[in-house]
Amino acid sequence: PLITRSVPPVQFENPLNVSPGEAKERITDAYLQTTLVGILKQLEHVAAYANDVFGSILGEVTQSATKISGLGSRLVELSNGLPSIENHFQVTSVEAFNSNARVEFHSSATESAQLFGPETVPAHVKRIYDEKCTP
Numbered sequence: 009p010l011i012t013r014s015v016p017p018v019q020f021e022n023p024l025n026v027s028p029g030e031a032k033e034r035i036t037d038a039y040l041q042t043t044l045v046g047i048l049k050q051l052e053h054v055a056a057y058a059n060d061v062f063g064s065i066l067g068e069v070t071q072s073a074t075k076i077s078g079l080g081s082r083l084v085e086l087s088n089g090l091p092s093i094e095n096h097f098q099v100t101s102v103e104a105f106n107s108n109a110r111v112e113f114h115s116s117a118t119e120s121a122q123l124f125g126p127e128t129v130p131a132h133v134k135r136i137y138d139e140k141c142t143p
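Here's what the structure looks like:
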């Protein structure tokens with residue numbers, strides 16, 4: 009979050025610090041010196057504010073870069089696995105994808121109707137599982 013700051017105006021506590029009888033050049037130099045010090049103090053406040061703003065932006069950019077890097081690594085893993093998935097869909101028959109698993113599943117008893125075990129797995133699912141999970 010951004011931090012709001014205020015930049016104080018140039019203040020002249022003792023702006024001239026010269027005696028009344030001195031030359032105009034001395035008075036002008038004292039005035040310019042005081043003004044320059046005030047402007048430098050204002051620039052210091054502006055620089056501190058800019059440091060806070062850019063520090064906050066740097067933190068957000070770093071988080072975004074980390075997220076993008078993580079997404080890139082996940083994308084590489086997915087793209088590496090894509091040929092095997094395409095091969096699976098080319099080899100597997102269309103009937104295996106169009107079959108309705110609910111029709112093929114029949115529980116033996118009412119209490120086991122909510123169970124899904126190895127003996128109740130449909131044949132086409134078991135065949136695909138056995139093909140893809142070989143050591």
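Just so you know, we're using this note's numbering here: the sequence shown kicks off at 9 and counts up by one. Ideal Cβ positions, reconstructed from N, Cα and C, are used throughout, including at glycine. These figures come from a predicted structure and were not determined experimentally.
Residue state for residue 18 is assigned as coil, using DSSP reduced to three classes. Ranked by how close their Cα comes to the Cα of residue 48, the residues 74, 16 and 64 have 16 in first place. With contacts defined by Cβ atoms closer than 8 Å, residue 46 and residue 18 form a contacting pair. Between residue 136 and residue 100 the beta-carbon gap is near 7 Å, inside 8 Å, which marks them as a contact. When secondary structure is reduced to three states using DSSP, residue 38 falls in the helix class. Shortest Cα-Cα distance from residue 54 to any of 139, 71 and 13 involves 13. The alpha carbon of residue 95 has as its nearest neighbour, out of 41, 140, 84 and 44, the alpha carbon of 140. Here the C-alpha atom of residue 89 lies approximately 56 Å from the C-alpha atom of residue 51.
Here residue 77 carries a helix assignment [DSSP, helix/strand/coil].
Taken through DSSP and simplified to helix, strand or coil, residue 46 comes out as helix.
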